[in-house]
């Protein structure tokens, strides 16, 4: 199946943060990679997917949305997700690198999101500085890996969380959870995707595609997205967006940089012959900024917030 069970996050997860998160019980929410169907098939410039909406919550659990949970309560849980995620990393069909975590940033991310370590989102924020997949092609944000140029920013930093916990704050458009080197953005929908100009339903993963300059629904929650990436589906997903030698180019980049493609990935020239394009390493913020500018000029809607990097 492609749709992951979704429930409101614990505490003020859906009220203050404005998001629905994957079921807060990862043993039920994280399928094994081998059980996944090809949920997303990508042809050049087009995503094709199975339109599955969210299922029921984790074992029928319901949360008190008027109670804020402290860091200790979010961390010290039964059945934490991290051991199962580590098993998925070990069996992954793509190279996975788990970065060391900045504890201060990881706790700040967890507290503002109000998700526990039982969820994949909370486990990655608590136990890793982020994940580097497919030799650097995809960067999944977690607790942050430090302050130097070679580090990966935290979920709190990428989403511009308040410096101090604020139960009234939430990201207006949704939560950015990953980038790829071409400026593709993976984000988790907030409580009102339509108002934010995003496709899909609350709590569903979406992707801002660098070859279409549009947000595309992925029809899966965060936990399923993690399993899907580790199952080897990225190769099909990025069909038409990779060229001979892409792996070496991605692997050579610091996390502060992405790849600028000229002519641009959304141009007819690039889509006709991507290998013939000119490519160079530039700051990720530049790749995102150029895509956002052109999307505003060419697209039907402003793509909105793509991450603070």
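In the working numbering, the protein residues as written are 930 to 1238.
We put the CB at the ideal spot given by N, CA and C, even for glycine.
As the crow flies, the alpha-carbon of residue 1219 is around 24 Å from that of residue 1163.
The DSSP-derived three-state label of residue 1108 is strand.
Annotation for residue 1088: no alpha helix (DSSP H) segment contains it, and DSSP assigns it neither H nor E. When secondary structure is reduced to three states using DSSP, residue 1223 falls in the helix class.
Rounded to the nearest whole angstrom, the C-alpha separation of residue 1110 and residue 1135 is 17 Å.
Residue environment analysis places residue 996 among the exposed positions, since fewer than 16 neighbouring C-beta atoms fall within 10 angstroms of its C-beta.
If you draw a straight line from the Cα of residue 1113 to the Cα of residue 1202, it comes to about 19 Å. Take residue 1223, set aside five residues on each side of it, and the residues of its chain with a beta-carbon closer than 8 Å to its own are 1142, 1193, 1195, in chain order.
Contact between the segment 1000-1010 and the segment 1047-1055 is present: three or more C-beta pairs spanning the two stretches fall below 8 Å. If you compare the alpha carbons of 1064, 1070, 1221, 1045 with that of residue 1057, the shortest gap goes to 1070. From the listed residues 1074, 1043, 1155, the smallest Cα separation to residue 1087 is found for 1074. DSSP places residue 1207 inside the beta strand (DSSP E), whose first and last residues are 1207-1212. In this model, residue 1024 and residue 1185 are separated by some 20 Å (Cα to Cα). By the beta-carbon neighbour count (other beta carbons within 10 angstroms, threshold 16), residue 1236 is buried. Annotation: the continuous beta strand (DSSP E) that includes residue 1060 extends over 1059-1062. Setting aside the 5 residues that flank it on each side, residue 1090 is surrounded in the same chain by 1037, 1038, 1041, 1084, 1098, each with a C-beta closer than 8 Å to its C-beta; the list follows chain order. Under a 10 Å Cβ-count criterion, residue 1132 is classified as buried, with 16 or more other Cβ atoms of the shown protein chains found around its own Cβ.
Between residue 1128 and residue 1238, the beta carbon gap of about 23 Å keeps them out of contact (Cβ cut-off 8 Å). At the C-beta level, residue 1026 and residue 1067 stay beyond 7 Å of one another. The beta carbons of residue 1172 and residue 1204 sit closer together than 7 Å. Straight-line measurement puts the Cα of residue 1124 at about 36 Å from the Cα of residue 1064.
The C-beta separation of residue 1102 from residue 1233 comes to about 5 Å, placing the pair in contact by the 8 Å criterion. The C-alpha of residue 1002 is placed about 39 Å away from the C-alpha of residue 1215. Here DSSP, grouped into helix, strand and coil, assigns residue 1117 to strand. Apart from the 5 residues on each side of it in sequence, residue 1107 sits with its Cβ closer than 7 Å to the Cβ of 1067, 1068, 1069, 1070, 1115 in its chain, given in chain order. One alpha carbon belongs to residue 1189, the other to residue 1209, and they sit about 5 Å apart. C-alpha of residue 1104 to C-alpha of residue 1004: approximately 20 Å in a straight line.
Per DSSP, the continuous alpha helix (DSSP H) segment holding residue 1042 begins and ends at 1032-1042.
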